[in-house]
Each structure stands twice: as C-alpha cells, then as structure tokens.
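Counting from 310, one number per residue, gives the positions in the sequence shown under this note's numbering. Everything on this sheet refers to the single structure shown next.
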Amino acid sequence: MRTLRSLYWIFFLSIAISCQLDRDDLVDIHDRISEPILPETAFDYTDLHLPDYVKENIQLLQHDNSPQNNPLTNEGATLGRVLFYDMNLSLNRTVSCGSCHHQEKGFADRTALSEGFQGEHTSRNAMALGNARYYVRRRFFWDERAETLEDQVLMPFQDPLEMGLHLDSLIHRVRDLPYYPALFESAFGTDEVNANRISMALAQFIRSMVSFRSRYDEGRDQVNSSLVPFPNFSEKENIGKSLFRSSACGGCHVTDGFLSSGPTNNGLESIPTDPGAGKTYGNPILNGSFKTSSLRNIEVTGPYMHDGRIATLEEVIAHYSEGINFHPAMAPQIQTGDGRARKFNFTAEEKAALVAFLKTLTDQHFLSDPKFSDPFPE
Numbered sequence: 310m311r312t313l314r315s316l317y318w319i320f321f322l323s324i325a326i327s328c329q330l331d332r333d334d335l336v337d338i339h340d341r342i343s344e345p346i347l348p349e350t351a352f353d354y355t356d357l358h359l360p361d362y363v364k365e366n367i368q369l370l371q372h373d374n375s376p377q378n379n380p381l382t383n384e385g386a387t388l389g390r391v392l393f394y395d396m397n398l399s400l401n402r403t404v405s406c407g408s409c410h411h412q413e414k415g416f417a418d419r420t421a422l423s424e425g426f427q428g429e430h431t432s433r434n435a436m437a438l439g440n441a442r443y444y445v446r447r448r449f450f451w452d453e454r455a456e457t458l459e460d461q462v463l464m465p466f467q468d469p470l471e472m473g474l475h476l477d478s479l480i481h482r483v484r485d486l487p488y489y490p491a492l493f494e495s496a497f498g499t500d501e502v503n504a505n506r507i508s509m510a511l512a513q514f515i516r517s518m519v520s521f522r523s524r525y526d527e528g529r530d531q532v533n534s535s536l537v538p539f540p541n542f543s544e545k546e547n548i549g550k551s552l553f554r555s556s557a558c559g560g561c562h563v564t565d566g567f568l569s570s571g572p573t574n575n576g577l578e579s580i581p582t583d584p585g586a587g588k589t590y591g592n593p594i595l596n597g598s599f600k601t602s603s604l605r606n607i608e609v610t611g612p613y614m615h616d617g618r619i620a621t622l623e624e625v626i627a628h629y630s631e632g633i634n635f636h637p638a639m640a641p642q643i644q645t646g647d648g649r650a651r652k653f654n655f656t657a658e659e660k661a662a663l664v665a666f667l668k669t670l671t672d673q674h675f676l677s678d679p680k681f682s683d684p685f686p687e
C-alpha cells in the first residue's frame, strides 16, 4: 500500500511540475518582459485609406469578412498589435506571430518554411496577411481549415511546433504580464482576459492591415475601368496588366483587390504530395488545392506557393507559361478541357511585362506604416 501511495504522489507531483514548466518554462519572467512602447494617442486603425474607386466597388467590398460582433476599433487593434508581437506568448518566449509575418514582407515570411519556437520548420509557407479582411469565403490557412479569422488567430499559439502553448497557458501568460490589464480594459471595458477577447483583438489588428495605396490604386482611381490603360503606368506595365486579364490570371485573383477566389489546384504537381483543402473537406478531388493568396505586395512576399518552392516572380510566371502539370481538379483557366495542361508560352517580353505589372501592386505605405510595426524594443 505504501508503494502504491508513493506512486500516486510521484504521479501528481510530475503533473504539477509539468504545469509549472508549461507556464514559466524555468525562465524568470522578468528576464523576458519589456514593456511595449505605444503612442500617447492611439493610432487610427479605423481609417483604411481606401481610394474612391474602392469605396464604390461593391464587387470588392462584398468580400469583407468582418463580423458584426467584432467591429474594428482603435483600442482593440492596439491590443491586437501587442499580442501579435509578444514573444512571451510562445512556450519558451522566443517567437511571436510577428516572427513569421514580417511587415516589410507584406506580413509574409522571409523563408520558404517558418521556424517554430524550438527551431523546427513548418510544412507550409506563412501566408501574407495583407488584405486578409477581404475574402468572401471567410476561411483561413492554405487549406481553409479555420472557419473564421477569429478561429485562425488562436491556432498558432496552440501548435506544438509553432508556439507550443495550450489555450489555458496562453490565457495565464497574458494575465500575468503587467501591461495587459489596461489594454484589455481600454479595448473591452474591463481587464478580464479570455480566449475570445484575445482572438477578437488579434483579428481586429489583422483586419486593419489593408493595402490600397499602390501605384495600381493611383492609376485605377483615375480611370473608369481596370481594362483601359492607366495614365501613370509605363507602356510595359500596361501591357502586363492587359496580359494579366487576357491570360485568365484574374480568374483566381479576383477584383481590383486581386483576392483569392477559393481553393485552387494550380498545376504544381500531377500527383499532389500535400492534400491541402482535400483533407479539410474530406474530398480527394481537392487534393493539391490551396487557397490562393492576394497579389497585393506580391513583389515582396516571396518565396511563393503554399510550400515556398518558387523563389522569384520570374519563376512564378515561368510556371504558368510552360510548367503547369495536369491534374483533374486544376483550375479550368489553366487546362485545355481535353485532359491537358494549358501552356501560355509567354515570350520573354511578355514575361517581363507581367512582372513589371505585378510590381505596381507594391504599397510602400503599408510596408512601413508605424501602426503595424513591432511595439516592443529590441
């Protein structure tokens, strides 16, 4: 009986130690805390700086996935910004959401596969977050496994490779940090910390990441249609814009926001090695289909594709020109209809024009706006 009682004590002691390790990680919390530096007057996150043509573009604006129960506020987005960049919210306090989503990269990663809190790599490329607000299907991740942005933002914290916490541990971490009570009270009226409030604030911050101040937007605001030449474009850029429309690229990157049209198989492999949306929806015909990303800031968001396999924009264009592999469920825009992949066979000049056009979607204001920057000192 004494031996059995001793085993019970050992078991409960190990559980207690495990919970303590999960919460404090054998690291003095004061060694890792640095107060975020925030402006005395909160940044304005509610002004999305939409050009006139966007304000009148019902087709684009209907993609807005903002729920009625989580409106964007300056206080909520400010809290979301701190949560987004806080390295204390990973198991060993070494990574944050911002470690894999870099502002100067359009909130994409610098590497093909992101590095988690223990140095292990994810199996997919970190999607760019710019204009995540606009997606009519409202689902997130490459495989659309998150039903809403509010669901998506909590998942990396709980991923055993990415940030390594349990949801309860995340809540305790936030409660224990001295700068959060005032931020939660400002955003929600009380300093109560819970998972729902964490997800709402993060979703607000990400939905404020709207990018419509590129040269494309300046040109589009001067004309009545995206199909006519833009007065601020070079001849090469206008040729690239025309090619983009005529080669059916716009079938997968829709509206003037160049938004995702849904999970798409773009002919990377005849036999997909990653099921993608096929696993999410339990439909093998969707194997190898992934949510397309917005092309906004595409110049800086490489490497490209769901696994970062393509390094440059030039190589992306080459794939669609002569590298597409046939798959039965591939996008109709890139197949001939008789069981073959469509080859666009762009000339060298056409490839250069397409790349030049895509670079007009770069929004330097967005990439350097201080309200999206890391508030924690180095």
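Cβ atoms here follow ideal geometry from the backbone N, Cα and C, with glycine treated the same way. These numbers were taken from a predicted model, which means no experiment stands behind them.
Check, Outcome
"Candidates Ser517, Glu544, Val532, of which the one nearest serine 682 by Cα", "Ser517"
"Closest residue to glutamate 608 among Leu381, Pro641, Leu667 (Cα-Cα distance)", "Leu667"
"Secondary structure of glutamate 687, DSSP reduced to three states", "coil"
"Start and end residues, alpha helix (DSSP H) containing glutamine 467", "464–467"
"Inter-residue Cα distance where the pair is leucine 476 and glutamine 467", "6 angstroms"
"Nearest neighbour of serine 432, chosen from Gln644, Asp647, His615 [CA to CA]", "His615"
"Segment limits, alpha helix (DSSP H) that includes isoleucine 594", "Here isoleucine 594 belongs to no alpha helix (DSSP H), and DSSP marks it neither H nor E."
"Inter-stretch contact (C-beta, 8 angstroms, three-pair minimum) for the stretch 538–545 and the stretch 636–656", "no"
"For phenylalanine 352 and isoleucine 594, the rounded distance between their alpha carbons", "46 angstroms"
"Alpha-carbon to alpha-carbon, proline 637 and aspartate 452", "18 angstroms"
"For lysine 668, the three-state DSSP class (helix, strand or coil)", "helix"
"Given glycine 566 as reference, the closest of Ala620, Leu670, Pro581 once Cα atoms are compared", "Leu670"
"Which of helix, strand or coil DSSP assigns to isoleucine 633", "coil"
"Beta-carbon separation (whole angstroms), arginine 442 vs asparagine 374, contact threshold 8 angstroms", "6 angstroms"
"Of the residues Tyr362, Val462, Leu370, the one placed nearest glycine 407, counting alpha carbons only", "Val462"
"Residues near histidine 339 in its chain [Cβ-Cβ closer than 6 angstroms; skip 5 each side]", "Only weak support exists for where histidine 339 lies, its pLDDT of 47 falling under 50; the value from the coordinates is given anyway. Within the same chain, histidine 339 has no close Cβ partners at all."
"Leucine 536 burial status per 10 Å Cβ neighbour count (16 or more: buried)", "exposed"
"Classification of isoleucine 548 by the beta-carbon crowding that lies within 10 angstroms, buried from 16 upward", "buried"
"Close-in-space but distant-in-sequence residues of the same chain around isoleucine 346 (CB under 8 angstroms, 5 per side omitted)", "Pro684, Phe685, Pro686"
"Separation of lysine 364 from aspartate 331, as counted between CA atoms", "Because the pLDDT of aspartate 331 is 45, which lies under 50, any placement of that residue in the model is unreliable, and the question is left without a value."
"Selection from Tyr613, Ala496, Asn379 that minimises the alpha carbon distance to methionine 690", "Because the chain in this structure spans residues 310 to 687, residue 690 falls outside the shown range and cannot be described."
"Supposed contact pair leucine 577 and alanine 512 - C-beta distance, whole angstroms, cut 8 angstroms", "Between leucine 577 and alanine 512 the Cβ distance is about 30 angstroms, and since that is not below 8 angstroms, they are no contact."
"Three-way DSSP call (helix, strand, coil) for serine 579 in this model", "coil"
"Three-state class that DSSP yields for methionine 396 in the structure shown", "helix"
"Given alanine 496 as reference, the closest of Gly617, Leu381, Gly646 once Cα atoms are compared", "Leu381"
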